[in-house]
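Participant: Chains as they are written, first to last, in the numbering used here: chain X, 6 to 386; chain A, 6 to 386.
Number of protein chains: 2
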Amino acid sequence: MIYLDNAATSWPKPEKVYDDINRCMREYCANPGRGGHAMSIASGRAVINVRELLARFFNIKNPMHLCFTKNTTEAINIAIKGIINPGDHIITTCMEHNSVIRPLKTLEKYAGIELTIVKGNEYGEVDPHDVKNSIKKNTKLIVCTLSSNVNGIIMPVGEIGRIAREHGVLFLVDAAQGAGSIPVDVEEMNIDMLAFPGHKGLLGPQGTGGLYVADDVRLRSFMEGGTGSNSENTYQPEIMPDFLESGTLNTPGIVGLGAGVEFINSFGLNNIRLYKHMILSRFFEGLEEIKNVKIYSKKSMENNSGIAAINFENTDSSEISNVLDSIYGIATRPGLHCSPLAHETLGTLKQGIVRFSPGCFNTVEEVDLTLEALREISVKL
Amino acid sequence: MIYLDNAATSWPKPEKVYDDINRCMREYCANPGRGGHAMSIASGRAVINVRELLARFFNIKNPMHLCFTKNTTEAINIAIKGIINPGDHIITTCMEHNSVIRPLKTLEKYAGIELTIVKGNEYGEVDPHDVKNSIKKNTKLIVCTLSSNVNGIIMPVGEIGRIAREHGVLFLVDAAQGAGSIPVDVEEMNIDMLAFPGHKGLLGPQGTGGLYVADDVRLRSFMEGGTGSNSENTYQPEIMPDFLESGTLNTPGIVGLGAGVEFINSFGLNNIRLYKHMILSRFFEGLEEIKNVKIYSKKSMENNSGIAAINFENTDSSEISNVLDSIYGIATRPGLHCSPLAHETLGTLKQGIVRFSPGCFNTVEEVDLTLEALREISVKL
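(1) Throw me the rounded Cβ distance for the P202/A and P257/X pair, which I believe falls under 8 Å.
(2) Taking F248/X as the reference, give the member of S322/X, M228/X, E237/X with the closest Cα.
(3) Buried or exposed: where does K75/A fall if 16 or more other Cβ atoms within 10 Å of its Cβ makes it buried?
(4) With a CB to CB cut of under 6 Å and the five nearest residues on each side skipped, what residues in its chain are close to P246/A?
(5) What residue from P339/X, C29/X, L208/X has the CA that sits closest to H397/A's CA?
(6) Sort D93/X, V123/X, E101/X by Cα distance to K114/X and report the nearest one.
(7) Give the straight-line distance between the Cα atoms of K18/A and P37/X, rounded to the nearest whole angstrom.
(8) Check whether the Cβ atoms of C99/X and G231/A sit closer than 7 Å, and answer yes or no.
(9) Under 9 Å, CB to CB, which of the residues in the stretch 334-352 of chain X have a partner in chain A?
(10) Compute the beta-carbon to beta-carbon distance between V148/X and T97/X, rounded to the nearest angstrom, for a pair I have assumed lies under 8 Å.
(11) With 7 Å as the threshold, decide whether the Cβ of M228/X is near any Cβ in chain A.
(12) In its own chain, which residues sit with a C-beta less than 7 Å from the C-beta of V328/A, not counting the 5 before and 5 after it?
(13) So the alpha helix (DSSP H) H282/X belongs to, where does it begin and stop?
(14) Tell me which same chain residues have a C-beta within less than 8 Å of the C-beta of E349/A, skipping the five on either side of it?
(15) Ignoring anything shorter than 3 residues, give me the beta strand (DSSP E) runs that lie fully in the stretch 225-262 of chain X, in order along the chain.
(16) What is the DSSP secondary structure of G49/X, counted as helix, strand or coil?
(17) Chain X partners of D10/A, CB-CB under 9 Å?
(18) Quick one: any contact between the stretch 311-319 of chain A and the stretch 133-142 of chain A, if contact means 3 or more CB pairs under 8 Å?
(19) What three-state label does DSSP hand V178/X in the structure shown?
(20) Do V136/X and I165/X come within 7 Å of each other at the CB atom, strictly closer than that value?
(21) Could you check whether the Cβ of G209/X sits closer than 7 Å to any Cβ belonging to chain A?
(22) Report the CB separation of L175/X from A181/X in whole angstroms; it is logged as a contact under 8 Å.
(23) Quick one: what does DSSP say P202/A is sitting in, helix, strand or coil?
(24) Tell me which residue opens and which closes the alpha helix (DSSP H) that I325/A is part of.
(25) Using 10 angstroms around the beta-carbon of T353/A, count the other beta-carbons present and answer buried if the total reaches 16, otherwise exposed.
(26) For L386/A, which residues in the same chain have their Cβ closer than 8 Å to its Cβ, ignoring the five residues on either side in sequence?
(27) Output yes if chain X places a C-beta closer than 7 Å to the C-beta of E237/A; else output no.
(28) I need the boundaries of the alpha helix (DSSP H) containing N316/X, first residue and last residue.
(29) So the beta strand (DSSP E) T97/A belongs to, where does it begin and stop?
(30) Anything in chain X within Cβ reach of M6/A, meaning under 7 Å, just list it in chain order.
(31) Determine the direct distance from the alpha carbon of S322/A to that of I358/A, and round the result to whole angstroms.
(32) Would you say Q356/A lies against chain X (beta-carbon separation less than 7 Å)?
(33) Would DSSP call A184/A helix, strand or coil?
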């Protein structure tokens with residue numbers, strides 16, 4: 006199979022990810038932070054190491070303010086529901102995933118929050134001035150995706166962060182698409198909360214993700230439960246990361262995530278970015294020679310986190326993806342990608358989009374085979 | 006290391022757990038329920054298989070009403086916060102883990118719920134009549150642990166379930182301790198909601214767990230986000246299990262959990278129970294010959310899910326555990342085990358307890374070595 010669905014989850018993972026997970030489970034996987042025996046300490050140390058690794062990766066000063074979650078969705082829910090009160094105003098964008106839109110729409114409906122969705126250009130790119138102009142007295146939070154999971158468009162997160170800081174508004178970035186291929190610096194970008202997945206660009210396993218919360222941001226707890234700390238306290242302890250990490254952590258998953266990030270560090274984030282861009286450029290070049298293709302992604306590396314979103318005229322996106330899968334063994338994702346607003350922006354709510362999302366293990370040969378398949382399909386349509 | 010901390014997390018796992026996780030990650034781990042390509046379908050099918058396997062394991066009629074969570078704590082939070090409204094009365098017991106107590110105390114403090122904590126006997130065993138007598142007009146929910154994570158005492162869950170059903174009160178069981186060693190039948194036991202971990206008695210990996218919700222129980226959503234279903238809907242879809250499963254699932258973890266349950270099924274739940282009881286009986290017998298030991302667990306299989314909770318007179322439990330770990334390489338868990346109420350009940354809030362929790366891979370030799378170590382320790386005290 007030619008796997009071009011890395012925006013859903015990256016595959017394959019670096020060998021070290023498989024190996025480290027396996028070794029963790031076989032050799033030392035006790036419950037981290039519970040009990041003081043050698044194996045529990047080894048598990049705890051492994052978790053701390055990855056916490057520190059990720060903190061360095063995102064330039065987070067205090068690793069204890071990075072908590073592990075099961076996925077980005079959990080991180081976003083913790084962040085939004087932990088800070089928002091009835092009457093608050095939230096600004097978000099037209100390219101958000103349902104992991105942002107559904108919590109916000111639910112809060113709008115049941116908890117009396119006010120919501121502004123800033124529109125973008127034809128690619129969904131928002132103008133920071135429009136964000137600025139949407140700020141009101143009761144604006145509490147701006148939520149913005151790092152890049153779109155539909156067409157890869159990179160949002161002006163740095164500029165929006167500056168505006169948020171200037172206006173005393175909190176800034177939450179959904180880095181589900183882009184963490185691991187776009188450099189993220191929470192300090193430089195004025196990010197107060199960063200939600201990210203482990204299993205996409207960071208090359209870790211599914212079941213991992215995280216949330217960074219700046220030192221001066223006070224959330225309500227989202228889940229209460231055992232933390233292995235302050236056990237005598239029948240209320241949630243307020244120290245981080247325990248405050249947001251109730252119940253047993255996914256130790257082998259976190260270890261695997263650490264191996265993924267180590268791979269990125271050893272290869273170099275920028276080199277991975279350049280490699281993926283080379284793959285994607287070749288794909289875009291090849292598409293130029295194929296008839297009836299509509300492209301919804303920008304082609305430059307500065308504007309695209311690594312996705313080619315296309316359609317064949319008005320053909321349903323599922324039809325193309327099905328043929329790619331069943332005849333050519335090529336994995337893509339059609340439909341709406343859990344992002345109806347983005348498709349509304351791109352005008353593809355009905356047709357969907359065929360999304361090609363190569364990863365750092367895809368080869369030039371695979372790109373050429375995919376282009377060949379698309380050429381054949383275009384002739385038959 | 007002699008690992009006697011299976012109540013925290015089971016270790017080792019059956020070989021098939023390691024192998025299936027590894028094969029899943031290497032061979033077919035795409036995003037289940039997202040996209041229709043061969044690998045995504047293979048992942049989705051693997052998840053469904055485990056859902057059905059677990060449903061059969063707990064006698065859940067509709068597998069779609071079993072949703073996967075990252076741990077038991079998440080499952081309990083989803084259940085309690087999804088059903089409780091201000092003014093509701095909740096009954097729970099004196100042996101609950103902080104995963105139950107902390108959400109309840111938080112709701113009591115901030116959301117105006119009323120809480121009754123039913124006391125038990127010297128082992129923490131509650132009398133179902135006391136539960137019955139605590140029911141009031143506004144009682145919405147009874148929450149009870151299947152067995153205590155501190156001393157293994159098994160609660161009369163079946164009888165409490167009958168009482169709950171007779172009074173039209175919902176019944177949530179926390180099966181963190183006991184699932185995989187005590188037979189659980191949600192129909193027979195009148196369980197409306199069952200929260201369970203994947204990484205303890207079910208022998209799966211950390212990062213897994215689940216919540217069963219009976220067909221006629223309507224929860225509020227806990228997290229909203231992408232579900233891969235009804236993507237055009239900017240609100241959470243109401244179909245189960247999607248309603249409670251936002252964001253990418255932990256596919257390899259769930260596959261590993263399936264392998265754990267298959268191991269239990271092939272070995273036989275009752276055989277595992279008998280084997281663990283044999284191990285534990287030998288341990289209790291040996292303890293009788295050791296001076297100054299106080300035992301807080303019942304010894305019979307009908308009353309104990311598999312824990313020996315002990316102390317040496319008034320010696321701090323951490324001191325004993327530390328010696329066991331550092332001198333003898335024996336892993337136990339001292340302290341409060343995230344269950345302050347249970348320790349209050351047992352009178353060990355200050356001293357803690359040294360918890361021995363053997364698993365189905367512990368051997369008679371390991372028990373004897375542990376007893377030998379305890380004999381030496383008792384002499385030196």
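Note that CB positions come from ideal geometry on N, CA and C, so glycine has one too.
Facilitator: Here's the rundown:
(1) That belief does not hold up - the Cβ atoms of P202/A and P257/X are roughly 15 Å apart, past 8 Å.
(2) M228/X
(3) buried
(4) M69, C72
(5) With chain A represented from 6 up to 386, any question about residue 397/A goes unanswered, as that position is not in the structure.
(6) The shortest Cα separation from K114/X among D93/X, V123/X, E101/X belongs to D93/X.
(7) One alpha carbon belongs to K18/A, the other to P37/X, and they sit about 17 Å apart.
(8) no
(9) Those would be G334, I335, A336, T337, R338, P339, G340, L341, H342, C343, S344, P345, L346, H348, in chain order.
(10) 4 Å
(11) yes
(12) Sequence-distant Cβ neighbours of V328/A in its own chain, meaning closer than 7 Å and more than five residues away, are I382.
(13) 274-293
(14) C99
(15) none
(16) helix
(17) A35, N36, R39, G40, H42, M44, S45
(18) no
(19) strand
(20) yes
(21) no
(22) Actually they do not touch by this definition, with Cβ atoms about 19 Å apart.
(23) strand
(24) 322-333
(25) buried
(26) So the qualifying residues of the chain are N297, F317, E318, T320.
(27) yes
(28) Here N316/X belongs to no alpha helix (DSSP H); instead the beta strand (DSSP E) covers 313-317.
(29) 94-98
(30) A43, M44
(31) 5 Å
(32) no
(33) strand
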